[in-house]
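First residue of the sequence shown: 57, per this note's numbering; consecutive thereafter.
A virtual CB, placed ideally from N, CA and C, is assigned to each residue, including glycine.
Notes for the one structure printed next.
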Amino acid sequence: MPVFFLSDSTGISAETMGNALLIQFPELHFDRTLVPFISSVEQAREVVAQIDELADGPVTPLVFTTAAVDEVRQELLRCRVPVIDFFGMHMDRVEEVLGARGLREARRLHGVGDVRRYNDRMAAVEFAIEHDDGQSSRALERADVVLLAPSRCGKTPTAMYLALQHGLFVANYPLVDEDLETTDLPRPVRALADRCFGLTTTVTRLSRVRQERRPDSRYASEAQCRSELRRAAAMYDAHRLPTVDTSAASVEEIAAVVIQTLARGRRRGSGRRTPGRATPPGGNA
Numbered sequence: 057m058p059v060f061f062l063s064d065s066t067g068i069s070a071e072t073m074g075n076a077l078l079i080q081f082p083e084l085h086f087d088r089t090l091v092p093f094i095s096s097v098e099q100a101r102e103v104v105a106q107i108d109e110l111a112d113g114p115v116t117p118l119v120f121t122t123a124a125v126d127e128v129r130q131e132l133l134r135c136r137v138p139v140i141d142f143f144g145m146h147m148d149r150v151e152e153v154l155g156a157r158g159l160r161e162a163r164r165l166h167g168v169g170d171v172r173r174y175n176d177r178m179a180a181v182e183f184a185i186e187h188d189d190g191q192s193s194r195a196l197e198r199a200d201v202v203l204l205a206p207s208r209c210g211k212t213p214t215a216m217y218l219a220l221q222h223g224l225f226v227a228n229y230p231l232v233d234e235d236l237e238t239t240d241l242p243r244p245v246r247a248l249a250d251r252c253f254g255l256t257t258t259v260t261r262l263s264r265v266r267q268e269r270r271p272d273s274r275y276a277s278e279a280q281c282r283s284e285l286r287r288a289a290a291m292y293d294a295h296r297l298p299t300v301d302t303s304a305a306s307v308e309e310i311a312a313v314v315i316q317t318l319a320r321g322r323r324r325g326s327g328r329r330t331p332g333r334a335t336p337p338g339g340n341a
């Protein structure tokens, strides 16, 4: 089934919300097309014409849109195929509740409309890059979160997602054999125990991922993976670190667990993370 995600901005929101609905229909196959930055009525008309050509085909397309500019959105709604208008269906209600009219401008969510927030996110990304895989300890005390895990457990993508999407300063530190000889936290992060968060996975998953990087190596063997995961778990338990199993979770789900844990710690006013294992709901990879 053809599915179109239309937007006068990046289209990230249209894709995210649309896919959140489409994933509930796993038995159906969707041919997805993203059309971002529809910035004029003329461009909107061209897109509508292209989609309308498919309206008489064997399968009727489905359209999701988050266009914010009224003129562009109204033109997109002229499609002869079903259109799910996320912006329109919610904006009127929000304006009613707030008693004010929104700007209805494009690029305010994923663009640089909020310059300070954008700059904060870029600074967080730079921090995550500098502190990826324990490369630097410079200004490590600025970290909001320190992700600990054996190699290939998902530290880097989680750190980058938290930085880019949420503006968190995230460092990640790889636990190697030398670090796992004791349950002590590695020296570079020892003073940051209250910000450490452990990632783990299954032996099978870790071995498979490592095989793709170094086939038939000791590094990728199930015995080595089992040993590293067991010793990492002992370290997490010794310091009562919150942990999350990344074996069947998307980076978005992992990040959500980290953020929720941080929020619980702040509400309790202690700064400590809630100890124990956290499992993302659903576990969709």
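| Item | Value |
| --- | --- |
| DSSP bridge partner residues for A205 (one or two, in chain order) | P230 |
| Sub-9 Å separation of F120 and V103 beta-carbons | no |
| Candidates L204, F225, A215: closest to A195 by CA position | F225 |
| DSSP bridge partner residues for G254 (one or two, in chain order) | L204, T299 |
| Among L248, G223, E237, nearest to E197 - alpha-carbon criterion | L248 |
| Backbone CA spacing between H295 and D250 [nearest angstrom] | 9 Å |
| Candidates L133, M178, V125, E131, of which the one nearest G158 by Cα | V125 |
| Exposed unless 16 or more other CB atoms sit within 10 angstroms - verdict on S96 | exposed |
| Reduced DSSP category for R320 - H, G, I as helix; E, B as strand; rest coil | helix |
| contact_flag[the region 71–79, the region 125–136] where n(CB pairs < 8 Å) is 3 or more | no |
| G67 versus A123 - alpha carbon distance | 9 Å |
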